[in-house]
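Q: My numbering applies: residue 32 is where the sequence shown begins, and numbers increase by one.
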Amino acid sequence: FESPGKGSPKVFKTIEYKTPKHRKKVAQPLKIPGYEDNIEVRIYESDEELESPYNNPMAQAGLLIKTSGAILDNQLFKYQSEEAGRFFFGEVVCEGLAERLREGDWGLITPDRTGINWRHQYCDALRKKVEDILEPCIEEKKKQLEVSPP
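1) Near glutamate 71, what residues of its chain come up, given a Cβ to Cβ distance below 6 Å and the 5 sequence neighbours on each side ignored?
2) DSSP has serine 77 in a bridge; who is on the other side?
3) Report the three-state DSSP secondary structure of alanine 101 (helix, strand or coil).
4) For threonine 98, does the count of other Cβ atoms within 10 angstroms reach 16, so buried, or fall short, so exposed?
5) Just how far apart, CA to CA, sit lysine 159 and aspartate 136?
6) Alpha helix (DSSP H) containing glycine 121: first to last residue?
7) Any idea what DSSP makes of glycine 135, helix, strand or coil?
8) Report the rounded CA-to-CA distance for lysine 52 versus arginine 73, giving the unit in angstroms.
9) Taking Cβ positions only, does leucine 128 come closer than 8 Å to chain C?
10) For phenylalanine 43, count neighbouring C-beta atoms within 10 Å of its own C-beta (all shown protein chains included) and say buried if the count is 16 or more, exposed if not.
11) Is the beta carbon of isoleucine 103 less than 8 Å from the beta carbon of isoleucine 147?
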């Protein structure tokens, strides 16, 4: 990373990411119901509670929603504010998003282009499928936290 700035000294920093200690919970290809587009879901459970992705672009918790090499969002969906959700991270790769955007379906992206429009029918189907996969992980973690809080 090079810090831009006219007349100011240049600052060089190496950007690195350290993956939290974790165990794999889900790694499987799936299809979006009603569209049959392929998605790849990878979910990991951290040994420690992570920062929530809610209004925090630097958070480690959450599932990165990716397409054609671009990260479009970091989501835990309906589990965004749940303590158990903050132990999970991973990615959802959906090439169908990029394909549909190339075909001109701009409704997939919010009007201000800040992210995915989760109200769009396709995006909503994607969200529901990911929530279905995430739900058993969250429920299991809730039970663990009841017995042994962090």
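Just so it is clear, CB atoms sit at the ideal spot from N, CA and C, and this is done for glycine as well.
A: With the structure as the only source:
1) Here the question's residue 71 lines up with position 40 in the sequence shown. Taken in chain order, the residues that qualify are Pro60, Val124.
2) For the purposes of this step, residue 77 is taken as the residue at position 46 of the sequence shown. Paired residue(s): His53.
3) Here residue 101 is taken as the residue at index 70 of the sequence shown, counted from 1. DSSP places alanine 101 in strand when its eight states are reduced to three.
4) The sequence position of residue 98 within the sequence shown is 67, counting from 1. Result: buried.
5) For this step, residue 159 is matched to residue 128 along the sequence shown. For this step, residue 136 is matched to residue 105 along the sequence shown. Answer to the nearest angstrom: the Cα atoms are 20 Å apart.
6) Reading the sequence shown from its first residue, position 90 is the one you call residue 121. No alpha helix (DSSP H) holds glycine 121; the beta strand (DSSP E) holding it covers 119–124.
7) Indexing the sequence shown from 1 puts residue 135 at position 104. If DSSP states are grouped into helix, strand and coil, glycine 135 belongs with coil.
8) Mapped onto the sequence shown, residue 52 falls at position 21. Mapped onto the sequence shown, residue 73 falls at position 42. Approximately 15 Å between the Cα atoms of the pair.
9) Checking the listed chains, one finds no chain C in this structure; it contains a single protein chain.
10) Within the sequence shown, residue 43 is the residue found at index 12, counting from 1. So phenylalanine 43 ends up on the exposed side.
11) Locating residue 103 in the sequence shown gives position 72, counting from the first residue. Locating residue 147 in the sequence shown gives position 116, counting from the first residue. It is worth fixing the name first, because residue 103 is leucine in this sequence and not isoleucine. Yes; because the gap between Cβ atoms is below 8 Å, this pair is in contact.
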